Structures are given as C-alpha cells and as structure tokens.
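Asks:
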Ligand SMILES: Cc1cc2nc3c(=O)[nH]c(=O)nc-3n(C[C@H](O)[C@H](O)[C@H](O)COP(=O)(O)OP(=O)(O)OC[C@H]3O[C@@H](n4cnc5c(N)ncnc54)[C@H](O)[C@@H]3O)c2cc1C
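In the working numbering, the protein residues as written are 37 to 590.
1) By Cβ distance below 7 Å, which residues in the same chain neighbour residue 144 in space, the five residues on each side in sequence not counted?
2) Of all the beta strand (DSSP E) runs that stay within the bounds of the segment 71-113, which reach a length of 3 or more residues?
3) According to DSSP, is residue 117 part of a helix, a strand, or is it coil?
4) Closest to residue 244 by CA distance: which of 230, 232, 260 is it?
5) What's the C-alpha gap between residue 327 and residue 277?
6) Any heavy atom of ligand 1 closer than 8 Å to the Cβ of residue 512?
7) In chain order, which continuous runs of the alpha helix (DSSP H) of length 4 or greater are located wholly inside the segment 330-369?
8) When you compare only the Cα positions, how much space is there between residue 274 and residue 205?
9) Does any heavy atom of ligand 1 sit closer than 8 Å to the C-beta of residue 30?
10) Looking at the strands, I want to know which residues DSSP matches up with residue 435.
11) Provide the residue(s) that pair with residue 509 in DSSP beta bridges, ordered along the chain.
12) At what residues does the beta strand (DSSP E) containing residue 316 begin and finish?
13) For the candidate residues 503, 338, 155, 181, whose alpha-carbon lies nearest to that of residue 171?
14) Run the CB neighbour count on residue 289, radius 10 Å, all protein chains shown included, and call it buried at 16 or more, exposed below.
15) The beta strand (DSSP E) spanning residue 299 covers which residue range?
16) So what does DSSP say about residue 419, is it helix, strand or coil?
17) Look at the alpha carbon of residue 159 and the alpha carbon of residue 330, and state the distance between them as a whole number of angstroms.
18) Is it the case that the CB of residue 229 approaches a heavy atom of ligand 2 more closely than 8 Å?
19) Would you mind listing the beta strand (DSSP E) stretches within the segment 203-285 that are 3+ residues and don't spill past its ends, in chain order?
20) Return helix, strand or coil for residue 542, following the three-state DSSP convention.
21) Does the Cβ-Cβ distance between residue 106 and residue 254 come in under 9 Å?
22) Measuring straight from C-alpha to C-alpha, what distance separates residue 453 and residue 117?
23) What are the boundary residues of the alpha helix (DSSP H) that includes residue 59?
24) Check this for me: beta carbons of residue 305 and residue 44, under 9 Å apart or not?
25) In three-state DSSP terms, what is residue 143?
26) Rounded to whole angstroms, what's the CA-CA distance from residue 256 to residue 208? Just pull it up for me.
27) Determine which residues share a DSSP beta bridge with residue 371 and list them.
28) Can you give me the C-alpha to C-alpha distance between residue 491 and residue 355, rounded to a whole angstrom?
29) For residue 416 and residue 97, what's the separation of their Cα atoms in angstroms?
30) Determine the direct distance from the alpha carbon of residue 233 to that of residue 248, and round the result to whole angstroms.
31) Secondary structure at residue 479, three-state DSSP: helix, strand or coil?
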C-alpha cells in the first residue's frame with residue numbers, strides 16, 4: 037500500500053489539503069503527510085507579521101486582510117467548527133475607501149467613500165475638500181451602482197467597455213467617473229495598477245459590489261456608494277487561521293512531518309513515484325514520495341520542476357509557463373512614514389487609501405499614471421485591540437525604485453527581469469518590514485484558459501483525461517482558482533478529492549459545496565466536452581452560483 041505524500045508549501049492551499057486528508061474515518065486518512073514549507077511559520081500569503089510598535093506588538097496582515105463570510109462560504113463553515121473556536125475574528129463593517137489624485141488647476145481632487153467625506157451629500161460642490169464627490173460624480177456613481185445591481189437580472193457576462201460605450205448618455209461626466217472613481221476600485225481588485233475594463237464583467241463585480249437591496253440576505257459588501265459592510269478580520273492575523281488548520285490536522289492524525297525553512301529545489305518523477313529535493317538548516321535532502329502536491333505559485337513551481345529530469349520539457353512547461361508569466365509582481369512595506377498618504381486625505385478616516393497623488397502624469401487619463409499608484413492600509417483604523425495609529429501598510433503593484441532588488445528564484449518561463457519604477461516610497465528608516473511577492477488576481481476569470489488547461493498536467497485521479505500526465509505529481513494553489521483565502525483553500529480541497537478521494541470536510545454546508553463544485557468543474561477539472569482549450573465565460577455561472585449561495589441558508 038502506498039501512503040506517503042509530500043505537500044509543498046504551507047499556505048492555506050497546502051495546509052488545507054493536509055487538513056482534508058486528516059479527517060478521521062474518511063478516504064485520505066491513510067496517507068502519511070510530509071509538509072515542506074520555506075518559512076519559519078505557516079501562512080504563505082495569509083502572512084501575519086508581528087511588528088513591534090509603541091512598546092507593543094501589532095499583528096499586521098501583509099497578505100489576506102479581510103474575508104467576507106457571505107462570499108467565503110468554505111472559510112465561514114470551517115471557522116464554525118469547534119476546533120477553530122480559538123481563531124478570533126471580528127466583523128469589520130467600516131471598510132472605508134479614500135482616494136487621492138493629483139491636483140487639477142490647483143484644486144483638490146480626492147474623495148472618500150464614507151459619510152464623513154460627504155459621500156452621501158449629493159450637493160457636494162467642486163472646490164470643497166472632497167470635490168470629486170461633485171453632484172456629477174455622485175450621480176454617476178449611483179448610475180453605475182444601479183447597473184451592477186440590475187445585472188443580477190441579466191447581462192452578467194457583459195464586460196465594462198461595451199457597457200460604457202452603449203450607456204455613455206446616462207453618465208454626466210463619464211471620463212472623470214471612469215478615471216477618478218472606477219479606476220481605483222478596479223485597480224484594487226485587479227492586483228493594483230490596472231482596471232482591465234476590457235476583461236472585467238458584471239458577473240465579476242456583482243458578488244462583491246452588487247446587492248439585492250438593504251434588508252435582504254444580500255445587502256451588498258463593497259458598495260460604490262456607501263462604506264463597505266460584511267467583512268471580517270482575523271484579530272490575531274490571517275496566519276492564525278492557517279495555523280489552527282494545521283493544529284487540527286496534526287491532532288486528527290498525529291505523526292505528520294512538518295519541516296519549516298525547507299526550500300524545495302527540485303521535483304521530478306522517477307519510476308512510479310516522485311522525488312523531492314530540498315535544503316534546510318540541516319543540509320540537503322532527497323526523498324521519494326508516492327504522491328506530491330505542489331501548492332507554490334507557478335513561478336516557484338516552474339523552478340522546481342525544471343531543475344531535474346525531462347518531464348518539464350516533455351510535459352509541464354507548456355501548461356505552467358502560460359500561468360507563471362502572467363503573474364503580477366508586488367511589493368509591500370510596513371512603515372510609519374505618513375508622507376506616503378495623500379496629503380488631502382491626511383485626516384486618516386480611511387481604512388484603505390488609494391493614492392494617485394504621487395503618480396502625476398499629464399499625458400494620462402485623469403492626469404496620473406494608474407500603474408504607478410499604490411494603496412495604503414491605515415493600521416490604526418483596523419486594529420481595535422491595540423494602538424496602531426501611525427502604522428501603515430503600503431502595497432505597490434510593481435517594484436518601486438529604491439527598494440533592494442527582490443530575490444526571486446530563477447524560473448525557466450522567461451518572465452523577464454523585474455522592472456523597478458520610480459515611485460513615492462516610505463523613508464527607509466521608517467520601514468519595519470518589506471516583502472516582494474507575485475500574485476494572480478481576485479477575479480477568477482483572470483487566466484481562465486490557462487487554469488483550465490492545467491488538468492492535463494495533473495497526475496491520475498478520479499477523473500480521467502486522454503493524454504494527461506502519468507506522473508504522481510499534483511498542483512493546487514490560488515493560481516489555479518483565484519487569489520483569495522477561500523479560493524486557495526478550495527484548490528487544496530479539490531486535489532484532496534481528485535487524487536486521494538478525500539471528501540470536502542464541510543460538504544454538508546450547501547453553499548460551501550456549491551462553491552467547491554464550481555471550482556472543481558469549471559476551473560481545475562473541467563467536465564463534459566469542454567476540457568480547457570476553449571474558454572467559456574464562467575463569470576455568469578459563478579455569479580449565479582454565488583448569488584444562490586449568498587441567499588441560501590447554510
Ligand atoms: C498583497 C496581498 C493581499 C491579499 N489580500 C487578500 C484579502 O484581503 N483577502 C483574501 O481572501 N485574499 C487575499 N489575498 C490572496 C490570498 O492571500 C492568497 O490567495 C492565498 O493566501 C494563497 O494561498 P496559497 O496556499 O495558494 O499560496 P501561498 O500562500 O503563496 O502558499 C504557498 C507557500 O509556498 C511557499 N513556497 C514557495 N516556494 C517554496 C519552495 N521552494 N519550497 C517550499 N515552500 C515554498 C511559500 O513561501 C508560500 O508560503 C491577498 C494576496 C496578496 C499577495
């Protein structure tokens with residue numbers, strides 16, 4: 037009986053796969069798990085950094101900031117289980133967005149999506165401190181919000197560009213609305229620095245920004261016209277969730293091996309098994325496993341698979357490189373430099389501040405270069421459990437000038453050198469932590485064709501595809517679903533089912549199960565006649581299922 041599985045990566049997808057395999061009296065339980073993770077603690081992009089500040093420790097989340105229980109039905113169902121009772125969560129209903137832009141003809145150009153900033157004051161006139169909430173801007177925001185809400189009745193697969201082309205007459209100042217208002221929201225959900233109005237559909241927007249009306253089971257989460265509601269934060273940081281999942285798995289089935297600071301350098305098939313090579317504090321290791329699950333981002337994955345053997349060039353390269361090359365770079369800094377805030381928003385009312393102020397460029401729409409904008413989370417407004425006033429997390433959708441060249445494992449997918457761009461960055465002596473990352477996008481539709489094609493690179497499982505990989509190597513991770521805590525967990529759970537017949541532990545929760553089925557059938561293991569080469573528009577189906585899930589009792 038073969039029973040040894042190696043899981044590479046200790047983020048929520050890797051730990052989630054382990055947790056699924058550990059469920060007592062279920063298929064998968066017989067497998068002995070070895071988890072290799074290249075950091076000192078679990079979490080991955082659910083990474084909480086303990087930052088010493090004002091004589092205390094502030095747990096700053098550098099990846100997962102919030103989750104929405106209404107949307108993240110698996111995470112919500114998992115957290116309801118007794119073994120997760122120590123994971124402290126806190127509703128965060130005051131998620132407020134503020135945006136600052138370069139001045140135009142000396143006038144301030146900024147706004148905040150909250151009553152304090154006049155967001156509901158339809159008489160706001162140009163020249164007032166939050167001048168972009170002019171009557172025209174307000175009217176256009178309402179028009180767009182209404183269109184998003186109405187898409188529940190049809191038009192989910194329509195992308196934004198044709199919608200605006202067909203409905204320009206309904207807007208009082210469409211260009212300003214698009215450049216100054218919509219761009220900031222879309223930039224945040226598109227991985228910073230891009231609007232992608234040619235790709236984003238109403239089906240993408242509906243779950244997050246739409247509503248069935250106040251008082252309904254779905255009042256809306258991140259509305260364009262009011263402060264957000266329905267978000268939750270992890271009081272001790274998002275890592276506490278991943279750590280609780282690992283503790284639960286270890287308790288369910290003692291004996292798993294977890295190796296921290298283990299840098300996996302090579303994975304290759306050999307005979308009927310797969311060999312994993314890694315280095316850690318004790319030296320270099322090589323071990324053969326019956327199955328291997330790789331949950332790292334596709335750039336790291338490509339480095340491991342290309343290091344040895346011929347399977348990379350004969351099989352994996354054509355599936356993995358198209359994903360790896362589309363990942364976006366990012367950089368975050370935890371710091372105390374208030375000068376990165378937009379001066380006109382220095383009151384600090386916001387939770388998250390989109391700053392275009394330092395990206396002035398009069399050749400661009402709105403007089404700023406969207407790509408060079410950045411986003412700052414004001415920790416003082418997030419942490420009610422401690423005094424974090426004056427502590428900031430700033431995120432760039434690129435690598436700004438002046439930070440050290442980030443270390444990135446060499447990858448064979450020709451992603452090219454990392455470009456640094458001139459930008460406003462915190463003074464170095466105020467920086468308490470900084471990190472480089474690559475990531476996908478929150479929108480599941482992003483890289484859909486490439487995600488769907490990956491089923492041919494997956495080893496044998498409970499669905500068969502002609503010509504698929506014969507090797508016992510499997511892939512999970514957010515790059516195969518979408519960039520969120522929920523979607524990353526789903527990817528690991530789907531592999532636990534596909535390769536080990538381990539059922540989803542929260543399968544009794546109908547909305548959670550619907551989400552799981554969606555991502556299994558439409559993303560990771562397409563069924564029926566479409567198996568990846570074609571790219572159906574799944575955003576409409578996804579929105580419909582989400583809507584059903586959002587309005588279903590658990
Ligand atoms: C800046 C940012 C903000 C985000 N905000 C949110 C949010 O608010 N809400 C939300 O739901 N989601 C958010 N996300 C998305 C979410 O964090 C991720 O989708 C999710 O955490 C990814 O989990 P994963 O397990 O798939 O990958 P990862 O968390 O990346 O886990 C993979 C792990 O593999 C490890 N690894 C890499 N190479 C090796 C190697 N060679 N050997 C061993 N281990 C290796 C990595 O260190 C990493 O820990 C955000 C992401 C980012 C980057």
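No residue lacks a Cβ here, since even glycine has one placed at the ideal position from N, Cα and C. Every value quoted in this text rests on a predicted model; they were computed, and no experiment measured them.
Replies: Taking the structure as given:
1) Taking the chain shown and counting its residues from 1, the one referred to as residue 144 is at position 108. Excluding positions up to five away in sequence, the list reads 165, 167, 380.
2) 84-89, 92-97
3) Position 81 of the chain shown, counting from 1, holds the residue named residue 117. Three-state result, residue 117: coil.
4) Reading the chain shown from its first residue, position 208 is the one you call residue 244. Comparing Cα-Cα distances from residue 244 to each of 230, 232, 260, the minimum goes to 260.
5) Residue mapping note: residue 327 aligns to position 291 of the chain shown, counting from 1. Residue mapping note: residue 277 aligns to position 241 of the chain shown, counting from 1. Whole-angstrom Cα-Cα distance: 26 Å.
6) On the chain shown, residue 512 is found 476 positions in, with the first residue counted as 1. Yes.
7) 334-342, 353-360
8) Within the chain shown, numbered from 1, the residue matching residue 274 stands at position 238. Within the chain shown, numbered from 1, the residue matching residue 205 stands at position 169. So the alpha carbons of these two residues sit roughly 44 Å apart.
9) Any answer about residue 30 is impossible in this case: the structure gives the chain only from 37 up to 590.
10) Walking along the chain shown from the start, residue 435 turns up at place 399. 456, per the DSSP bridge assignment.
11) Along the chain shown, read from residue 1 onward, the residue named residue 509 stands at position 473. Residue 509 pairs with 328.
12) Numbered from its first residue, the chain shown carries residue 316 at position 280. 309-316 is the extent of the beta strand (DSSP E) around residue 316.
13) The residue labelled residue 171 in the question sits at position 135 within the chain shown. The candidate whose alpha carbon is nearest that of residue 171 is 155.
14) In the chain shown, the residue the question calls residue 289 occupies position 253. With 16 or more Cβ atoms within 10 Å of its Cβ, residue 289 is classed as buried.
15) The residue given as residue 299 occupies position 263 in the chain shown. From DSSP, the beta strand (DSSP E) with residue 299 extends over 299-306.
16) One-based indexing of the chain shown puts residue 419 at position 383. Residue 419: coil per DSSP, three-state reduction.
17) Counting from one through the chain shown, the residue named residue 159 turns up at place 123. Counting from one through the chain shown, the residue named residue 330 turns up at place 294. Approximately 55 Å, taken between the alpha carbons.
18) This structure simply doesn't include ligand 2; it includes ligand 1 instead.
19) 267-270
20) Walking along the chain shown from the start, residue 542 turns up at place 506. In the structure shown, residue 542 sits in coil (DSSP, three-state: anything other than H, G, I, E or B).
21) Here residue 106 is taken as the residue at index 70 of the chain shown, counted from 1. Here residue 254 is taken as the residue at index 218 of the chain shown, counted from 1. Result yes, Cβ atoms of residue 106 and residue 254 sit closer than 9 Å.
22) Locating residue 453 in the chain shown gives position 417, counting from the first residue. Locating residue 117 in the chain shown gives position 81, counting from the first residue. Each residue's Cα considered, the two are about 45 Å apart.
23) By 1-based counting over the chain shown, the position of residue 59 is 23. Element bounds for residue 59: n/a, residue is neither H nor E.
24) On the chain shown, residue 305 is found 269 positions in, with the first residue counted as 1. On the chain shown, residue 44 is found 8 positions in, with the first residue counted as 1. No, they are not a contact pair.
25) Along the chain shown, one-based indexing puts residue 143 at 107. Residue 143 falls in the strand class under three-state DSSP.
26) One-based indexing of the chain shown puts residue 256 at position 220. One-based indexing of the chain shown puts residue 208 at position 172. About 25 Å.
27) Numbered from 1 along the chain shown, position 335 holds the residue referred to as residue 371. Note: residue 371 sits in a beta bridge opposite 428, 467.
28) Numbered from its first residue, the chain shown carries residue 491 at position 455. Numbered from its first residue, the chain shown carries residue 355 at position 319. If you take the alpha carbons of residue 491 and residue 355, they lie about 9 Å apart.
29) Translated into positions along the chain shown, residue 416 becomes position 380. Translated into positions along the chain shown, residue 97 becomes position 61. When rounded, the distance between both Cα atoms is 13 Å.
30) Against the chain shown, residue 248 aligns to sequence position 212. Against the chain shown, residue 233 aligns to sequence position 197. Rounded to the nearest angstrom, the two C-alpha atoms are 24 Å apart.
31) As a working mapping, residue 479 is identified with position 443 in the chain shown. Coil, per DSSP.
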